[in-house]
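Structure first, commentary second.
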Amino acid sequence: MKPFSVTGLKALGLAAIAMPVLAVTAPAQELKVGISAELSAMDPHYHNLTPNNMVSRHIYETLVGQDEKQRLVPRLAESWKAIDDTTWEFKLRKGVTFHDGSPFTADDVIATLQRAPNVPKSPSSFSAYVRGKELSKVDDHTIRIKTAQPAPLVPTDMSVVAIIPAKCKDSTTEDFNLGKCATGGTGPYKQAEYVAGDRVVLTANENYWGGKEPWSKVTFRVMTSAPTRVAALLAGDVDVIEHVPTADVARLKGDAKLEVFSTVSNRVIYFHMDHFREVSPFITAKNGSEIKNPLRNLKVRQALSMAINRPGIVDRIMEKEAIPAGQLLPDVFFGTSKNLPPVKFDLAGAKKLLAEAGYPDGFKMKLHGTNGRYLNDTKIIEAVAQMFSRLGIETEVETLPAANFFSRASQGGAGNTPEFSFILVGWGAGTGESSDSLKALLATFDPKKGMGATNRGRYSNPDFDAKLDEALRTVDDAKRDLALAAAMEIGMKDVGLIPTHYQLNTWAARKGFKVLPRTDEYTLAMGIRKE
Amino acid sequence: MSDTALPQTAPPPAPAREETPLRRFVRSFFEDRVAVFGLGLFALIVLLALAAPLIAPQNPYDLSAVDVMDSRLPPGEVSGEGFTMWLGSDGVGRDLLSGILYGLRISLTVGAFSGILAAAIGMAVGLIAAYAGGRTESAIMRLVDLQLSLPSVLVALILVAGLGKGVDKIIIALVLVQWAYYARTVRGTALVERRKEYVEAAQSLGLSHARTVFRHILPNCLAPVIVIVTVQTAHAISLEATLSFLGVGLPQTEPSLGVLIANGFQYMLSGSYWISVFPGLALLLTIVSINLVGDRLRDVLNPRLEK
Amino acid sequence: MIAFILRRLAQSAFVVAAMLVIVFFGVNVVGDPIWMLVSPEMDQQQIAETARAFGLDRPIWEQFLIFLKNAAQGDLGRSFIHGESAIKLILDRMPATLELAFVALFMAILIGLPLGLYAGLKPESRISRMIMAISILGFSLPTFWVGLMLILTFAVSLGWLPATGRGPTVSILGIETSLLSLQGWKHVTLPALNLALLKISLVIRLARAGAREAALMDYVKFARAKGLSQSRIIGVHILKNIMIPIVTVLGLEFGSLVAFSVVTETIFAWPGMGRLLLEAITRLDRPVIVAYVMVVVVLFVVINLLVDLVYSALDPRVRLTEATS
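The listed protein sequences correspond, in order, to chains A, B and C. For what it's worth, this note's numbering labels the leading residue of the first sequence as 1, then goes sequentially. For what it's worth, this note's numbering labels the leading residue of the second sequence as 1001, then goes sequentially. For what it's worth, this note's numbering labels the leading residue of the third sequence as 2001, then goes sequentially.
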């Protein structure tokens, strides 16, 4: 299958919808999946972490669902609407039961939203999605959520928090790990076994409101090493694997016994650069003497962006498992601009810009990045260093373990500022639209407002902030889409950061298994069918 | 080294008076043809490593000389710069032949320095422990326990975080990880030797402690130490690869053989076998040659194997 | 003897204390764990709240004092990531690792000792040279590389053994093991072999060196002259002579097998404590790292104690040092 084709996706989507009907008659089927990261707990509210959320989606459901392209779809809520700028009403689905047969009502939603932000010692809490929301029950199947400020993202927030039964609202994380919340969730699978660090076993929920799933048993096995996952698939240990390493995609596609599925992801790989220091610690003149921070000059930033051969990176390093990027999210997502193609590779133009900016002979700069946190991160950074060297910038590279890198990149400098001058990082838009990315990466760093939390270059542009602020208060979808796109254009034209590419999410499966690829990197049994 | 290592007991009268200990050592070493082959191979490898800047088609550490558009070229392809990549190129377009030649320099440096330093420190500490006994021995051996329980990944990570990446840092990490092995083994053997008559004899003759330890006990402990030195030096080189694999080894832009192998790891299933296999072969040849020499050295230096 | 053991244990308490300081402050050098915990979507206020909840906002020495206070009450802390008691997490995963290490050690002795003895007794033979040459392979290539090669050969190409994971476990006397079923042995073979390779080479070398020496010793020559059978000479006289270095090294190696099976467990997706450690280190889960190292220190102390006791049993000339001073 081609890396990303809309028609292919549509066909698959239709097939996935059509298949359960056929599968009901099939005999009991088992599905084994090799996943890339370890869960930290089975408690759906303990840790906002991809593998946790992914497994929890099978057992528990959210009010609002996200389809394979992260568009919002009805799930436990049949419909929702904004009554006014600060009030949302959700109509809950009727006739839904938990695994033990008890009915799902508004009380369960209220209990959930009380528990989710208050799980003790949560390493990464769900409080962000619940905070500032006042809940009221209209009737057993209608709730209202009120906020102090206009909050267009309430339905998006409700697509993240898993609904648990009110009976389990006092259960501890350990209770969930041991499967002591006997009521279970409303989801299509039940928790059967959890061996920390090794596997999670699920069994089908016979009475699922959406129709019984074809898999009677699903096993997720943790395989953190990428070649191991591929080998396990080749050896027949598992039926499906996620996060296929880019190096192996071509070979697996050529294997008649296997199939590969991929789609563009919500993850962008980009460079953050020092916008806030007069003198940047890892930039000097070529002779080593101190110079003023050249990254504060727009022409230098443009030159650097133009010197990056994005198609080259995609082709030679990502092995075509990526798409050159011109903004923070691919333009199929909500809140993105149609006018931001990837910056064209133009070495001569870049040299000219650099000379115009007053650096005809370049300067010396050290790039920092992680090793192993993002797909091929060290190779990308090395390739970009090669490209900058050709531009006339004497470039050094230092890649660090993530544990060390993020600490220093966030607060390693003087006065707990970011330490580095130029870093390679990545960002996945978990909400499936651009407001989160813009808020975290490009908005002016402001702890009081909660803006720019991950803005490790401390980019600050009042025009951008104003536009984003407007977008965040606009409840009307069409208007907000435009405002977000406008903010994105300001940030990108000003080269607030330099995006390089969007990753593809890739799955591989044994012949006969069809995987519906998702932009959010989740591997869901609900999206895997057998022909 | 060879002087002190020679047997002190019962020097054989034959064959001739003018044969110095060194000469006799060299003669008996060269009696074994396999060892001579190993030595030749090792000399060749060292020579190649030293001559790398002269014979390598590319400076693999010069970022402006390496082009990502040349990445993953199979052996024999011609690079964008126009030279032939006889062993192909790696994932960022580095010529593998050049990478291996330069990588040998780093790997040999890392192996030699960490091996010798760890052995020297470990042996000294182990001998002192065995000879001194009592509190000193207890203190030293508990320090050994401490060192052996620290995971090498953690040691390397802390060093990388505290000092940064580099050849010198990885040598420090490897010495830290390995000295305790020597200390533990040497102490074990030395404890046995200490009880032997010749030590008592030396002591009753009023020889100094240092002389007793280094001239008499040490040579008799050398055989097991040399086994470990050759094994651990080889292991140090592959441990460096493992640490690089785990992201706490050497910098990516100045790859050692280990880094090249670790980088090639992800291509093993993909068909671009050369990225991992050629550096692996180079590493294998290096280590085999070291061990052929080491095995013979151990036999020659072992006083108890004298006929 | 009892006094010797007691004194050893008291000294070990100092080792444990020193270790605590090193690890606690060492992790702090690497980075602030908070950045490995919080999800990227969190804003500054939430990050600060999370740091407060874990006590990570306090100065490091204060965190250390709090840790000491809790440790004195027997609480080594909860995993930042899993939220469970760090010791429990480690002990839960220990049986899998012990199983792997035992099988690997067993392989090392079973394969290494006979080959090494043969090579030592007939040093000039062609087979001996082959053994020695092949044994070099065992430690010259990195574990991760050999591990994947084993998987590719025996699991992917030949299809004889499963590539990953541990077999089904049963509980015997409270100990979880997968070694009671054929399936379990199939799963453990490749990772154990991968883990054992270096040890096999080491045992071959030690056994060869020892056997060569012993064969030339007067007492062996004397035994030969007396007409004792070859098997008795090997079994009693030579084995005894070579056991000391082998016991020392294997004692240590068992510890390192258990403690540092990190890479093998990762490559073979083996659910042991090595992988837990790697995860804890890469994500700065300090309580788990600290607890892990404590467990390993205790393990090494016990092993070293046993090795010393075995020494004195094997060779009466060796005194139990601390007892005499």
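A virtual CB, placed ideally from N, CA and C, is assigned to each residue, including glycine. Just so we're clear, the structure is a prediction, and the values are computed from it rather than from any experiment.
Residues near residue i by beta carbon distance below 6 Å, same chain, minus five either side
i       : result
L1239/B : none
A23/A   : Only weak support is given to the placement of A23/A: the predicted model assigns it a pLDDT of 44, under 50, and the question is left unresolved by the model.
S2178/C : R2166, G2167, T2169, G2184
E78/A   : K91, R93
T1286/B : I1045
G428/A  : N266, R267
I2238/C : A2211, A2214
G1038/B : S1289, L1292, V1293
A1119/B : Y1182, V1229
A37/A   : P51
L9/A    : Confidence at L9/A is low in this model, with a pLDDT of 39, below 50, so the placement of that residue is unreliable and no value is reported for it.
Identity of the residue in the options nearest residue i by Cα
i       : options                            : result
G1294/B : M1123/B, L1218/B, A1112/B, I1106/B : A1112/B
L233/A  : S289/A, R267/A, A508/A, R57/A      : A508/A
V160/A  : K439/A, L504/A, W80/A, G430/A      : G430/A
G34/A   : L524/A, G335/A, P324/A, I313/A     : L524/A
G335/A  : P165/A, D315/A, V475/A             : V475/A
S1107/B : S1079/B, P1053/B, A1049/B, L1163/B : A1049/B
Y459/A  : V230/A, G211/A, D274/A             : D274/A
N297/A  : V495/A, F98/A, I528/A, H368/A      : V495/A
N2304/C : F1025/B, L1127/B, R1142/B, I1121/B : R1142/B
L2216/C : G2174/C, L2182/C, L2121/C, V2236/C : L2121/C
Buried/exposed call for residue i, threshold 16 Cβ in 10 Å
i       : result
S2256/C : buried
S2157/C : exposed
F2222/C : exposed
F2106/C : exposed
I308/A  : buried
Q2046/C : buried
S262/A  : buried
D140/A  : exposed
V21/A   : Residue placement at V21/A cannot be trusted, given a pLDDT of 43 that sits under 50; the coordinates are not used to answer.
T1242/B : buried
F2144/C : buried
Q1008/B : Low local confidence applies: a pLDDT of 42 at Q1008/B is under 50, so the model's placement there is unreliable, with the coordinate-based value given in what follows. Label assigned to Q1008/B: exposed.
L340/A  : buried
Own chain partners of residue i with C-beta closer than 8 Å, once the 5 adjacent residues on each side are dropped
i       : result
T25/A   : Because T25/A sits at a pLDDT of 46, beneath the cut-off of 50, its placement in the model cannot be relied upon, and the following sentence gives the value as read from the coordinates. Cβ neighbours of T25/A beyond the five flanking positions: none.
K344/A  : M306
L329/A  : N266, V268, G335, T336, A429, E433, S434, S437, Y502
A443/A  : M451, G452, N455, F464, D465, L468
A1052/B : S1098, L1101, Y1102, L1104, R1105
Same chain, Cβ closer than 7 Å to residue i, five either side skipped, listed in chain order
i       : result
C1221/B : V1186, T1189, A1190, E1193
T203/A  : Y189, K190, A192, S216, K217
D67/A   : V73
P2162/C : A2155, K2186, H2187
E278/A  : K292, N293
Residues bridged to residue i [DSSP beta-bridge criterion]
i       : result
Q191/A  : L202/A
A322/A  : Q503/A
Y270/A  : V425/A, P499/A
T147/A  : K133/A
F334/A  : E433/A
M54/A   : DSSP lists no partner for M54/A.
V2170/C : T2177/C
Residue i at chain E interface by Cβ criterion, 7 Å
i       : result
T2164/C : The structure shown contains no chain E; its protein chains are A, B and C.
Closer than 6 Å: residue i CB and nearest the ligand NAD heavy atom
i       : result
I1171/B : By its list of ligands, the structure shown contains no ligand whatsoever, and the ligand NAD lies outside what it can speak to.
Give, in chain order, every unbroken run of the beta strand (DSSP E) that is at least 3 residues long and sits entirely within the segment 223–258 of chain A.
none
Runs of 4 residues minimum, wholly inside the segment 69–134 of chain A: which ones carry the alpha helix (DSSP H) assignment?
106–115, 127–130
Where are the alpha helix (DSSP H) runs, 4 residues long or more, that stay fully inside the segment 2025–2113 of chain C, in chain order?
2034–2037, 2044–2053, 2060–2072
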